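Q: Starting off with a structure, shown below.
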Amino acid sequence: MESDQRTIMSINVEEFLGIDKTSIPPCSICGGPSSGYHYGVFTCEACKVFFRRSAKKHHLYKCSGRENCSPDKNAIFACRFCRFAKCLDVGMSLNYIKHGRYSQEKKLLNSKRMAEIDLRKKSMMMYSISPLANFTEADEMLIGCCNILSDIHNINWEEDFPHLDCLIESAKQGVDSISYPIEQYHDVFRLSGLEVDDRRKFSGKIQQIIEYSIKRWSTNLKRIPGFNDLTEDEIFNHLRSYSDIIYVTVLALKIHNWNEGEYLTLKISDHNILIPQRKMEYFLDERDFNMRKRISNQLSKLNPTFEELTLIVMLNLLKPNENYPQLQYQYNKMILGFTRYLQSIHGNNSTARMNDIINFQSFITMETFQANKWRPSVKDYYQTIFFSEILKDFWFHPSVLQQEVTFDTSSSLTEFVNDNVQLEYFNESVSFD
DNA sequence: TTTCAAGGCCAG
DNA sequence: CTGGCCTTGAAA
Ligand SMILES: [Zn+2]
Ligand SMILES: [Zn+2]
Numbered sequence: 001m002e003s004d005q006r007t008i009m010s011i012n013v014e015e016f017l018g019i020d021k022t023s024i025p026p027c028s029i030c031g032g033p034s035s036g037y038h039y040g041v042f043t044c045e046a047c048k049v050f051f052r053r054s055a056k057k058h059h060l061y062k063c064s065g066r067e068n069c070s071p072d073k074n075a076i077f078a079c080r081f082c083r084f085a086k087c088l089d090v091g092m093s094l095n096y097i098k099h100g101r102y103s104q105e106k107k108l109l110n111s112k113r114m115a116e117i118d119l120r121k122k123s124m125m126m127y128s129i130s131p132l133a134n135f136t137e138a139d140e141m142l143i144g145c146c147n148i149l150s151d152i153h154n155i156n157w158e159e160d161f162p163h164l165d166c167l168i169e170s171a172k173q174g175v176d177s178i179s180y181p182i183e184q185y186h187d188v189f190r191l192s193g194l195e196v197d198d199r200r201k202f203s204g205k206i207q208q209i210i211e212y213s214i215k216r217w218s219t220n221l222k223r224i225p226g227f228n229d230l231t232e233d234e235i236f237n238h239l240r241s242y243s244d245i246i247y248v249t250v251l252a253l254k255i256h257n258w259n260e261g262e263y264l265t266l267k268i269s270d271h272n273i274l275i276p277q278r279k280m281e282y283f284l285d286e287r288d289f290n291m292r293k294r295i296s297n298q299l300s301k302l303n304p305t306f307e308e309l310t311l312i313v314m315l316n317l318l319k320p321n322e323n324y325p326q327l328q329y330q331y332n333k334m335i336l337g338f339t340r341y342l343q344s345i346h347g348n349n350s351t352a353r354m355n356d357i358i359n360f361q362s363f364i365t366m367e368t369f370q371a372n373k374w375r376p377s378v379k380d381y382y383q384t385i386f387f388s389e390i391l392k393d394f395w396f397h398p399s400v401l402q403q404e405v406t407f408d409t410s411s412s413l414t415e416f417v418n419d420n421v422q423l424e425y426f427n428e429s430v431s432f433d
């Protein structure tokens, strides 16, 4: 009954998607923000008044260059000759003046206005063509990130794990042997160093694969612009803040599958290790166990495509922070590329889908935040079963457990933010303290 | 009524 | 001359 709805972040997705109906094409002359449709063309206030004055008085502008000057980065057109020339070229005309609100049926303009229609088309083309360069980059970013995520999981098992059969067999034996609750196992081990079952046979083998996967993440992420000047250690450090996101990919790619009856299925190459839930409850901390199931449930509701999965991952990994400000640009590209992907798949419903995805992403952030409260208490046990130095460092490094989870309003995702769309989290039973 | 550009005003 | 802001009035 108590539907736990939280508004952690409210965002105007319309604006974020750049499909806000009130948004106006940029100034066709200088590229700055336009103030509307002036003399037949979308222009800014400055270019509007510049054109009017220039067209009314016959100014004899001269170009000191080669009559092909462009506005500078601040959208300031230094050369009057070229500015006026561009106005004419784009089709500004004192004869084309519009008053009042826009008509629903501009297409029914009479033939006398055909000239103006052509000019308008021209300006509309400028509007739609100029952002394309950015879009191309953004699309490439999305495709590149998808490829990287795919490459990470495209493992040549024969080459990298020549004795995989043995490894799997041993892991299965370990699973079979699990027969005591964590407390008993851990108490006995702590006091006497004895193991009441062979769970370390399982975890020890699995940790080899996890370590190997982390390595693959680090090396492949290095291919992303923004990461390529970082060392692999730096990427590793960055990555360990996002182990829950990595787990999302593990679930999404069905490497872990909680949805097959009483078993958790662990898929490694073409081997399946079936772990009865009861044994899993003996193996994982209860809160950990429950969290993983919750994530699994939410994820199957979302049922993301591979591209969407890529976005969820990159939304986290590329989140700009003070250490890596260079990620900002890549992050923006990613979001733009993904936005276009969503629009091409869902059309008008892309906003709703984007909401679902952002909700899911925030759900994960919230889970991580909650989990980091209890994780220190299970550190001992987990470091017993996952004993390699790399994994100790990865899961239980102090910086991971102490990290703040912020829903910061300065991220570029929320820069586009406004408070029109209320996001709803957890439409069912997930409750926090 | 509301929307939206034209043109005036004025400081820089 | 430039350009932000405001008033005015046309059009839907
Ligand atoms: Zn302009
Ligand atoms: Zn010039």
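Per full-length UniProt numbering, the first sequence runs over residues 1 to 433. By construction, the Cβ of each residue, glycine as well, lies at the ideal position given by its N, Cα and C atoms. Bear in mind the structure is a predicted one, so any value in this text is a computation, not a measurement.
First and last residue of the beta strand (DSSP E) that includes Val41?
A: Per DSSP, Val41 belongs to the beta strand (DSSP E) from Val41 to Thr43.
Q: Look up Asn323 in the DSSP assignment and say whether it is helix, strand or coil.
A: coil
Q: Run the Cβ filter for me: residues under 6 Å from any heavy atom of ligand 3, listed in the order they occur in the chain.
A: This structure simply doesn't include ligand 3; it includes ligand 1 and ligand 2 instead.
Q: Based on Cα-Cα distance, which residue from Phe236, Asn290, Phe338 and Asp139 lies nearest to Leu311?
A: Phe338
Q: How many Å lie between Ser218 and Tyr282 at the Cα?
A: 31 Å
Q: Flag this pair as yes or no: are the beta carbons of Glu211 and Ser28 separated by less than 8 Å?
A: no
Q: If contact is defined by three or more beta carbon pairs under 8 Å, each pair taking one atom from either stretch, is the stretch 260–267 in contact with the stretch 335–353?
A: Not touching, per the Cβ criterion.
Q: Run through the DSSP bridge pairs and tell me what Thr265 is partnered with.
A: Asn257 and Leu274
Q: Any heavy atom of ligand 1 inside 7 Å of the beta-carbon of Ile76?
A: no
Q: With a CB to CB cut of under 7 Å and the five nearest residues on each side skipped, what residues in its chain are close to Met326?
A: According to the sequence provided, residue 326 is Gln. The question's Met does not apply to it. Contacts found: Gly226.
Q: Whole angstroms is fine: what's the gap from Leu302's alpha carbon to Arg292's?
A: 15 Å
Q: Quick check on this structure: which residue in Leu251, Ile275, Asp270 and Val250 has the alpha carbon closest to the alpha carbon of Gly261?
A: Ile275
Q: Please report how far the alpha carbon of Trp395 lies from the alpha carbon of Ser243, in whole angstroms.
A: 7 Å
Q: Starting from Tyr212, trace the alpha helix (DSSP H) both ways and give me its first and last residue.
A: Arg199 to Leu221
Q: Under a three-way DSSP split, which group does Gly226 fall into?
A: Residue state, collapsed to three classes: coil.
Q: So, for Asn154: in the same chain, excluding its five sequence neighbours on each side, which residues have a beta-carbon less than 6 Å away from its beta-carbon?
A: Nothing meets the Cβ criterion.
Q: Report the three-state DSSP secondary structure of His58 (helix, strand or coil).
A: coil
Q: Contact between the stretch 168–176 and the stretch 135–151 is defined here as three or more beta-carbon pairs at a separation below 8 Å; is this criterion met?
A: no
Q: Hey, Leu47 and Cys79 are a contact pair by Cβ (cut 8 Å); roughly how many whole angstroms apart?
A: According to the sequence shown, residue 47 is Cys rather than Leu. Rounded, the Cβ-Cβ distance is 13 Å, inconsistent with contact.
Q: Ends of the alpha helix (DSSP H) at His186?
A: Ile182 to Ser192 is the span of the alpha helix (DSSP H), which, as asked, contains His186.
Q: Quick check: is any heavy atom of ligand 1 less than 7 Å from the C-beta of Cys146?
A: no
Q: Check whether the stretch 378–388 touches the stretch 189–206, taking contact to mean three or more Cβ pairs, one atom from each stretch, closer than 8 Å.
A: yes
Q: By how many angstroms is the C-alpha of Phe189 removed from the C-alpha of Glu286?
A: 19 Å
Q: Quick one: Cα of Asn372 to Cα of His397, how far?
A: Cα to Cα, Asn372 sits roughly 11 Å from His397.
Q: Using beta-carbon positions only, say whether Pro376 and Leu342 come within less than 8 Å of one another.
A: no
Q: Does the Cβ-Cβ distance between Asn259 and Ser300 come in under 8 Å?
A: yes
Q: Can you find the residues in the same chain that come closer than 6 Å, C-beta to C-beta, to Ser179, ignoring five residues on each side of it along the sequence?
A: Asp197
Q: Looking at the unbroken alpha helix (DSSP H) that takes in His397, where does it start and where does it end?
A: Boundaries for His397: no alpha helix (DSSP H) harbours it, and the DSSP string shows neither H nor E there.
Q: Between Val248 and Ile76, how many whole angstroms is the CB-CB distance? I'm expecting something under 8 Å.
A: Rounded, the Cβ-Cβ distance is 46 Å, inconsistent with contact.
Q: Cα separation between Met280 and Leu221?
A: Using only the alpha carbons, I get a separation of about 31 Å.
Q: Say the cut is 7 Å; is the CB of Ala85 nearer than that to a heavy atom of ligand 1?
A: no
Q: What does a CB cutoff of less than 7 Å around Gly65 pick up in its chain, not counting 5 residues either side in sequence?
A: Cys79
Q: For my contact list, Ala252 and Pro304 are in at a C-beta cut-off of 8 Å; report their separation, rounded to the angstrom.
A: 6 Å
Q: Since Gly174 is in the alpha helix (DSSP H), which residue starts that stretch and which ends it?
A: Leu164 to Ser177
Q: Please tell me whether, using a cut-off of 7 Å, the distance from the CB of Gly32 to the nearest non-hydrogen atom of ligand 1 is below it.
A: Answer for Gly32: yes, Cβ within range of ligand 1.
Q: Would you check whether ligand 1 has a heavy atom nearer than 7 Å to the C-beta of Ala55?
A: no
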